[in-house]
Structures are given as structure tokens and as C-alpha cells.
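Taking it in order: structure first as C-alpha cells, then the write-up.
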Amino acid sequence: VTVDEAVGAAVRDAFGEMAFVDVVDGEPGPVSDVAQVLSLSFSDPARGTLALMLPRECKKTVVENVYGVNWDSLATNRIDDCLLELLNVLGGAFMRNYFGRETEFEISLPELVFDEAHLSARGERKDLFFDAEGVIFQVKVWVEGA
Amino acid sequence: MAYHDILVVDDSETSRMIIKRCLEIAGFADSVYHEAADGLGALSLLKEQQVDLIVTDLKMPKMDGGTLIQKLRNDPRTREVPILVVSSMGNDAREQELRKAGASWIVHKPLSPEALAEVLQ
């Protein structure tokens, strides 16, 4: 399984099962209006980082669908918790897809990042683009030694 | 199988809500749900409340799911209560350890009602 395939399957599962959002591969290109950057790192069996770059529209759709209520009624801490859990689930699924069920793995708690410049990651970077019902978002993956 | 009182243990409010939603769709809409944000909270709640099923995450602050399972299995009041582990972590070896410690079932996130129905019914 390649990094692209492992991320793709994890993204489709996490967005589909948690937020009822259908995701397909998207056209590579600049992602407009990125409103939220989240990241988590993994340290075993390889070191790396997974970052999720969500445009405002995509962030809103995901959170509203998960909670089943209007965006305006949601407190910031509930929005943050929802997005962090989304990346937590996505990260775990990626690790199982990429390294296999028999491999022990270690991932950090996901965190909200102020902006892309605050991402600290090393290794070869993969830029993957997805289309969430018409809105393009991006996942960046760094895997050292990949 | 009917579970009247279900305890959901997860540090994420979103995750607790999704677990409850999936359980309701999986056939447990009439159950009474109790919540705790970690193992310590769960043990505290269980001093006052009897439950028929415990659903727990693994990675939590204060007391993780693995420790919680051990404590539940060492307590005569909760020794026989079925425990469903729901986690984004986990691999074959870890799952074997958890089963040995007393987990009844293990399901990975993202959760689906179908996956829960399959193990619980």
C-alpha cells in the first residue's frame, strides 16, 4: 500500500463515517480559504507528520454534519474537539492502512496549528488533494525514510 | 441482546456523541446513556450507577482504557459487565492483550452502526 492509497482510504472512511461527507480524489492545486490547519505526528514504526488543511466551507460542513446542528449554535471548544477527533480517527486509520494491522504504532494527540508556517515536519512530503462534495481540501504527509 | 444502561467513556465529546448515535442506530435507541471523559470518571460514576455495557476508548488522560479494563475486571461489581473497546489505535498484538485483560470486543474508529450491531447483537 502506498502513502497515497493509505491516506485516501483513511480520509474517505473518516469523513464518510463521521461526517457523512463523500470524498473523492481532487485536482491538485492551491487550496483556497484554508481556515483550519491540524496536525499529528507519529514516531513508530516510522517518524512523520500528517496535516489536514481545511477550507472554511469544508470545516463548517464537517462540524455541522457531525453534530447535526447549525454552525452558529456551536461553541468553539466543540468545533475544535470535532476537528481534532476527525484527525485522530484519520491518523489511526492511515497508520493501520499503511503499516498493517500487525504493526504496533504510536501517534501523538492531534493539535490545532495556527497556520501552515507553524508545521514542523521532516522527511519527504506528499501533497494529496481531495474533493469533499465540491470543496477541495488538502492532506500533507511527511514520512522520514519513505 | 438488550443493554438498558450503557456507559460511554471517551475524552472527546464528539466521539462520545458519535458512539451514542451509532449505538442508537445499531438497535439501542431505548438504552439510557451515561458518560465519562476518562477511566477515573468512569470508576467514580460506577460507584453510584450500575450499567449493562461499558464502551471505552483507549487513549485518555488521567486513566487510559487499558487500566480501566483491568480495574473493572478486578472489581466484583463490574467483573461480568461486557466491555466494548472503541479506538483509533490498536494492532493485532495490542488487541490480544486487551482481550486477555478482559475486553469483550474491539472495534476501530471510524465507527459504523453496522460494525457495532455485528458485535453486540
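Going down the list, the protein sequences come from chains G and B. If you read the first sequence in our numbering, its first letter stands for residue 628, the second for the next number, and so on. If you read the second sequence in our numbering, its first letter stands for residue -4, the second for the next number, and so on. Think of the CB as a built atom: it goes at the ideal place given N, C-alpha and C, for glycine as much as any other residue. These figures come from a predicted structure and were not determined experimentally.
Beta-carbon proximity check, residue i vs residue j, cutoff 8 Å
i: B:I1; j: B:D47; result: yes
i: B:V27; j: B:T51; result: no
i: G:V650; j: G:G656; result: no
i: G:D775; j: G:D758; result: This structure does not reach residue 775 of chain G, given that chain G is present from 628 up to 773, and the question cannot be answered.
i: B:S107; j: G:E712; result: no
i: G:V648; j: G:V766; result: no
i: B:L38; j: B:K66; result: yes
i: G:P682; j: G:V716; result: no
i: B:T73; j: B:L41; result: yes
i: G:R728; j: B:N69; result: no
Environment of residue i [buried if 16+ CB atoms lie within 10 Å]
i: G:T629; result: exposed
i: B:S83; result: buried
i: B:Q44; result: exposed
i: G:M645; result: buried
i: G:P737; result: buried
i: G:D640; result: buried
i: G:G695; result: exposed
i: B:A98; result: buried
i: G:A633; result: buried
i: B:A21; result: buried
Proximal residues to residue i (C-beta, below 6 Å), its chain only, five neighbours per side dropped
i: B:P71; result: none
i: B:E30; result: V3, R11
i: B:M55; result: D6, D33
i: G:G636; result: Note that residue 636 of chain G is Ala in the sequence shown, not Gly. Taken in chain order, the residues that qualify are N724.
i: G:W698; result: K687, E691
Proximity to residue i [Cα-Cα], best of the options
i: G:D708; options: G:L739, G:V634, G:A662, G:V648; result: G:L739
i: G:G761; options: G:L679, G:E684, G:G695; result: G:E684
i: G:V689; options: G:N704, G:L710, G:T703; result: G:L710
Other residues of its chain near residue i: CB distance less than 7 Å, five sequence neighbours each side excluded
i: B:Y181; result: Examination of residue 181 of chain B is not possible in this model, given that chain B is present from -4 through 116 alone.
i: B:M(-4); result: L115, Q116
i: B:C17; result: L106, S107, P108, L111
i: B:D59; result: G34, L53
Sequence-distant residues of its chain with Cβ nearer than 8 Å to residue i (five each side left out)
i: G:D671; result: E731, F732, E733
i: G:F669; result: G675, T676, L677, G718, M722, F732, E733, I734, S735
### Query
Is there contact between the region 655 to 665 of chain G and the region 731 to 751 of chain G, where contact requires at least three CB pairs shorter than 8 Å?
yes
### Query
Below 8 Å, can you find three or more Cβ-Cβ pairs linking the region 87 to 104 of chain B to the region 717 to 733 of chain G?
yes
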